[in-house]
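J.:
Protein chains: 2
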Amino acid sequence: MSVKDGKTEQLIKETAKRIFLTEGKMLATTQDIADAAGVNRTLLHYYFRSRDVLFNMVFKEALTKLRTRVHEVLGSEMPFKQKVENLVNVFYEELTESPYLETFIALHLNQEPEKYEELFIALPGGRERMKNFLKEIQREMDKGTIAENKPVNFFINLFALMAYPFVARPIYLKMFDLTNAGYNKLLTERKSSILSTLFKN
Amino acid sequence: MSVKDGKTEQLIKETAKRIFLTEGKMLATTQDIADAAGVNRTLLHYYFRSRDVLFNMVFKEALTKLRTRVHEVLGSEMPFKQKVENLVNVFYEELTESPYLETFIALHLNQEPEKYEELFIALPGGRERMKNFLKEIQREMDKGTIAENKPVNFFINLFALMAYPFVARPIYLKMFDLTNAGYNKLLTERKSSILSTLFKN
DNA sequence: CCTTTGTTTAACAATTTTGTCAAACAATAC
DNA sequence: GTATTGTTTGACAAAATTGTTAAACAAAGG
Chain A
1 MSVKDGKTEQ
11 LIKETAKRIF
21 LTEGKMLATT
31 QDIADAAGVN
41 RTLLHYYFRS
51 RDVLFNMVFK
61 EALTKLRTRV
71 HEVLGSEMPF
81 KQKVENLVNV
91 FYEELTESPY
101 LETFIALHLN
111 QEPEKYEELF
121 IALPGGRERM
131 KNFLKEIQRE
141 MDKGTIAENK
151 PVNFFINLFA
161 LMAYPFVARP
171 IYLKMFDLTN
181 AGYNKLLTER
191 KSSILSTLFK
201 N
Chain B
202 MSVKDGKTEQ
212 LIKETAKRIF
222 LTEGKMLATT
232 QDIADAAGVN
242 RTLLHYYFRS
252 RDVLFNMVFK
262 EALTKLRTRV
272 HEVLGSEMPF
282 KQKVENLVNV
292 FYEELTESPY
302 LETFIALHLN
312 QEPEKYEELF
322 IALPGGRERM
332 KNFLKEIQRE
342 MDKGTIAENK
352 PVNFFINLFA
362 LMAYPFVARP
372 IYLKMFDLTN
382 AGYNKLLTER
392 KSSILSTLFK
402 N
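Going line by line, the protein sequences match chains A and B.
In case it helps, the numbering used here puts the first sequence at residues 1 to 201.
In case it helps, the numbering used here puts the second sequence at residues 202 to 402.
Listed below in structure tokens is the structure:
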């Protein structure tokens, strides 16, 4: 093994991840990625065979990380509100790193479903965990801590409030004439705002 | 003028709109569009000069339509809650037609900002209308009909709850094993759910 | 030092996609 | 009928992008 010892492969993958998921340039060419990583374009093919393989690898890793963390929280033994709080934090962390992840899923998932099918195989026990969480939501409604509704609607509301502000950053930067730093501040503040919107407390 | 009388141009534009904004296939080639419209690919260039021009035209028209309708509602004389109700309806209608519009904006707006700048020139009086709406939100908070918060957060919450479920349709279709029809039903039900989430009533 | 293994490079081939052009065609006006 | 105008087509050119290959190179082991 050479002196670089797997560093180049890592470098390319991380650069691709940054370009695709952080900067949202999903049309970036192999040349763009190679340039950004400061390596010869052929290396990209050497390590990953094709642009497609690299793209899917990056995509899949980010998605799996997010899903795993979400399911960890969903499956944990914790009071409901604390669970939601943790979810908000997980989303905040993951979408800060990969703000375009949700956009990518939305765009690809129903374009070539068969191709991306494998990326969405259920996590072990995932279905079960989801059902339990919906039941938990129902119990909270019964207790009166959150508004009466279909549990699935609370679920979608929660994810909408968490994810959308990351997806729509460019829109609000323009609409409210904010800087990126200003928007980041807003996103942090929103964490508690989400909870107060969803919980009657 | 020929017998078809502008029909072909319309046909191409509407097909492009469907493919780009309704089906979300934003990588569709000129050939894809021509095929879907059942016309020769050259016609696309004849009428629109380039793929780019067509793409931007479709994009701009849909965006302008949505923005115009939103601002009509914002600027209307109406009780606050009714205004929000109307906004929800406008979004529902427009995003049913162009569910990928928000995704497109998010993806393009900070890729080549100078290029898309012109698509986002403020509507006449837009800034003013926006400010007034934020003030209205503040008044409602003072009255206690909605939760105390930064007005901009209420604004983002509102748009998140309206837009995200359209952006994320493919995700929830999979996650909850729904059909498109089932998801449509859910979206309709959500209209009132959004209001009850945001208003203390 | 020479062989082996893995890495990097430049040159090239293949493919895909966009864009152009000149000629054919159709309807109407004269 | 012929000229004019706008429409449609197929063939072609140009550009951009991906993928392949063979050779140069570097490190480490024997």
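We treat Cβ as the ideally placed atom computed from N, Cα and C, and that holds for glycine.
Got a sec: is the Cβ-Cβ distance from Arg391(B) to anything in chain A below 8 Å?
T.: Output row for Arg391(B): interface = yes.
J.: Does the distance from the C-beta atom of Leu222(B) to that of Val259(B) stay below 8 Å?
T.: Yes.
J.: Hey, does Thr179(A) have any beta-carbon neighbour from chain B nearer than 8 Å?
T.: Closer than 8 Å: no.
J.: Please confirm whether Gly24(A) has its beta-carbon closer than 8 Å to some beta-carbon of chain B.
T.: Yes, its Cβ sits closer than 8 Å to a Cβ of chain B.
J.: Would you kindly work out how many angstroms separate the C-alpha atoms of Glu295(B) and Phe367(B), rounded to a whole number?
T.: When rounded, the distance between both Cα atoms is 10 Å.
J.: With distances taken Cα to Cα, identify the nearest neighbour of Gly239(B) among Gln339(B), Ser277(B), Thr216(B), Phe356(B).
T.: It is Thr216(B) whose Cα lies nearest to the Cα of Gly239(B).
J.: Could you check whether the Cβ of Ala361(B) sits closer than 8 Å to any Cβ belonging to chain A?
T.: Taking Cβ atoms only, chain A reaches closer than 8 Å to Ala361(B), which makes this a yes.
J.: Could you give the distance in angstroms between the alpha-carbon of Gln219(A) and the alpha-carbon of Leu87(A)?
T.: Since the first residue shown for chain A is 1 and the last is 201, residue 219(A) is missing from the structure and cannot be characterised.
J.: Is the Cβ of Gln312(B) closer than 8 Å to any Cβ of chain A?
T.: Yes, Gln312(B) lies at the interface with chain A (some Cβ there is under 8 Å from its Cβ).
J.: How about Tyr248(B) and Glu286(B): do their beta carbons lie closer than 8 Å?
T.: It is not a contact, given that the beta carbons lie outside the stated cut-off.
J.: Tell me Ile347(B)'s beta-bridge partners as DSSP assigns them.
T.: Paired residue(s): Phe400(B).
J.: If you compare alpha carbons, which of Met279(B), Asn402(B), Lys336(B) is closest to Gly345(B)?
T.: Measuring from the Cα of Gly345(B), the nearest candidate turns out to be Asn402(B).
J.: Hey, could you find the ends of the alpha helix (DSSP H) Phe321(B) is sitting in?
T.: Per DSSP, Phe321(B) belongs to no alpha helix (DSSP H) and is neither H nor E.
J.: Quick check: the Cα distance between Arg328(B) and Gly75(A), rounded to an integer number of angstroms?
T.: So the two alpha carbons sit approximately 45 Å from each other.
J.: Do Ile213(B) and Leu244(B) have their C-beta atoms closer together than 8 Å?
T.: Yes, these two residues count as a Cβ contact at 8 Å.
J.: Beta carbon of Ile146(A), beta carbon of Leu198(A): below 8 Å?
T.: Yes.
J.: Name the residues in the segment 366-377 of chain B whose C-beta lies less than 8 Å from a C-beta of chain A; which are they?
T.: Answer in chain order: Pro366, Val368, Ala369, Arg370, Pro371, Ile372, Tyr373, Leu374, Lys375, Met376, Phe377.
J.: Would you tell me roughly how many angstroms separate the C-alpha atoms of Val254(B) and Tyr172(A), rounded to the nearest one?
T.: Cα to Cα, Val254(B) sits roughly 26 Å from Tyr172(A).
J.: For Val204(B), name the three-state secondary structure that DSSP assigns.
T.: Confidence in Val204(B) is poor, its pLDDT being 43 and thus under 50, which makes the residue's placement unreliable; the coordinate value appears in the next sentence. Val204(B) falls in the coil class under three-state DSSP.
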